[in-house]
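Structure, as structure tokens:
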Amino acid sequence: MAESDNDIPGGNIFKQAWVTITSFFGSFLSSDDDVIDETTGLTKQQKALIKKSWTYVLEDKLRIGVIIFIKLFKAFPASQQLFEKLKDYTDFEELARNKKMKAHATRVMAALTSLVENIDQPDILDELLRNTSVTHYRMRMPPHYFEDLGGVIIEALVENLGDKFTPKTKEAWLIYYGYMCRIMLEEMEELEPSNDDD
4 MAESDNDIPG GNIFKQAWVT ITSFFGSFLS SDDDVIDETT GLTKQQKALI
54 KKSWTYVLED KLRIGVIIFI KLFKAFPASQ QLFEKLKDYT DFEELARNKK
104 MKAHATRVMA ALTSLVENID QPDILDELLR NTSVTHYRMR MPPHYFEDLG
154 GVIIEALVEN LGDKFTPKTK EAWLIYYGYM CRIMLEEMEE LEPSNDDD
């Protein structure tokens, strides 16, 4: 019959020592890449994936920015009606060449770049997102378009970055955009006049 740890003199001591040693070396071998940021819900590794993917986007940001809005207008036609100077276009190839379309796409891509660059700065992120929400609230944009746009952005990145946009990168972006949406929708809700009669 095999002896148990309890039957071996000092058996538990050796066992405890091994646990201590492996824990000690494990602290050096492992990193905090998997620790989740309480603000964004992202790990350091996921933040790195988002930053890396955006470097590829920046190589062709105007074209991808225009693609995002053409996709948005095709998937959600009512969204195009929010743009006074663009709402009457039915030829999307012509719209893609329109200078106002390009200008708006450039502004949005610049805003997204700021959100990626400040992914480790929760206070700045919060302010950027709330300012975006205020701007779009004044334009009377229905809140659900933030969510609609998110899906379109992810789709555009998948299609245009190819193998560079890995499943793990996509997962990170979904988490990050979910965080962004939550803050923007929260701000929009706060901007709505209270229905409370008190």
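Residues in the sequence shown are numbered from 4 upward in steps of one, following my numbering. Note that CB positions come from ideal geometry on N, CA and C, so glycine has one too. Everything numeric in this text was worked out from a predicted model, so none of it was measured.
Backbone secondary structure at I156 - three-state DSSP: I156 sits in a helix when the DSSP states are folded into three classes.
Tell me, please, which residues DSSP counts as bridged to I39. Its beta-bridge partners are T46.
M142 classed as buried or exposed, judged by whether at least 16 other C-beta atoms fall within 10 angstroms: Looking at its Cβ environment, which holds fewer than 16 other Cβ atoms inside 10 Å, M142 is exposed.
At which residues does the alpha helix (DSSP H) containing Q83 begin and terminate? For Q83, the enclosing alpha helix (DSSP H) starts and ends at 80-83.
Just to confirm my understanding: we take K77, look at its own chain, exclude 5 residues before and 5 after, and list those with CB closer than 8 Å. What are they? Counting only Cβ-Cβ distances below 8 Å, and skipping sequence neighbours, we find F95.
Candidates E192, G154, V60, L118, of which the one nearest T232 by Cα: The chain is shown from 4 up to 201; residue 232 falls before or after that span and cannot be answered.
For I122, which three-state DSSP category applies? In the structure shown, I122 sits in coil (DSSP, three-state: anything other than H, G, I, E or B).
What would DSSP say about T138, mapped onto helix, strand or coil? In this structure, DSSP gives T138 a helical state, which the three-state scheme calls helix.
Alpha-carbon to alpha-carbon, K167 and N144: Residue identity check: residue 144 is Met in the sequence provided, not Asn. About 33 Å.
Where does N101 fall in DSSP's three states? Residue state for N101 is assigned as coil, using DSSP reduced to three classes.
Can you find the residues in the same chain that come closer than 6 Å, C-beta to C-beta, to F28, ignoring five residues on each side of it along the sequence? Low per-residue confidence applies at F28: pLDDT is 43, beneath 50, and the placement is therefore not dependable enough to give any value.
Flag this pair as yes or no: are the beta carbons of L75 and L132 separated by less than 8 Å? No, the pair does not count as a contact, with Cβ atoms beyond the cut-off.
So K173 packs on I186, CB below 8 Å; how close in whole Å? Rounded, the Cβ-Cβ distance is 21 Å, inconsistent with contact.
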